[in-house]
C-alpha cells in the first residue's frame with residue numbers, strides 16, 4: 001500500500017518572484033497528485049504569507065540537473081585571472097602617486113633660462 005501512495009503523489013518545485021522585474025527564486029517543494037492541485041496548494045501556502053507577482057509550479061521530474069562530468073566541464077581549463085576585476089582597490093592611491101610625479105606647468109616655467117649646453 002505504501003508503494004501505491006508514493007506513486008499517487010508527485011514532487012513539485014515552487015518558484016516565485018515578488019515583483020515583475022525581480023528574479024525567480026525557488027521557495028519550496030510540495031507533494032500533490034497533479035499540477036492543478038499543486039498550483040492551488042502553492043497559492044494557499046505561499047501567497048497568503050507575502051505578496052507575489054508570479055508563481056511557477058514545476059514537476060521535479062521535468063527539471064534536469066547537470067551530471068558530475070558536465071559540472072567538471074564548467075571549471076576553467078586555463079588561468080584567466082586577468083579577466084577578473086580584483087586588484088583595483090588601490091587604484092586611487094596609485095593614481096595619486098603617479099600625479100605627484102608628473103611635471104606641472106609651474107615647475108616647467110620655473111626652469112626658464114636654466115638650460116645649459
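Residue numbers (full-length UniProt numbering): 1 to 117.
Yeah, the Cβ is synthetic: ideal placement off N, Cα and C, and Gly gets one too.
Keep in mind the model is a prediction, meaning the values are calculated, not measured.
Excluding the five sequence neighbours on either side, which residues of its own chain have a C-beta within less than 8 Å of the C-beta of residue i, listed in chain order?
| i | result |
| --- | --- |
| residue 47 | 55 |
| residue 10 | 31, 32, 33, 34, 38, 59, 60 and 61 |
Looking only at its chain, what residues have a beta carbon closer than 6 Å to the beta carbon of residue i, apart from the 5 residues adjacent to it on each side?
| i | result |
| --- | --- |
| residue 14 | 27, 28, 42 and 57 |
| residue 111 | none |
| residue 100 | none |
Would you call residue i buried or exposed, if buried means 16 or more other Cβ atoms sit within 10 Å of its Cβ?
| i | result |
| --- | --- |
| residue 8 | exposed |
| residue 38 | buried |
| residue 67 | exposed |
By Cβ distance, which residues of its chain are closer than 7 Å to residue i, with the 5 residues on each side in sequence left out?
| i | result |
| --- | --- |
| residue 20 | 53 |
For residue i, tell me which candidate among the options has the shortest Cα-Cα distance.
| i | options | result |
| --- | --- | --- |
| residue 60 | 72, 33, 23 and 109 | 33 |
| residue 35 | 25, 24, 106 and 12 | 12 |
| residue 17 | 94, 101 and 50 | 50 |
Which class does residue i belong to by DSSP, given the choice of helix, strand or coil?
| i | result |
| --- | --- |
| residue 3 | Because the pLDDT at residue 3 is just 43, under 50, the model does not fix this residue reliably, and the value given afterwards should be weighed accordingly. Here residue 3 sits in helix by DSSP. |
| residue 22 | coil |
| residue 13 | strand |
| residue 111 | coil |
| residue 40 | helix |
| residue 31 | strand |
| residue 75 | coil |
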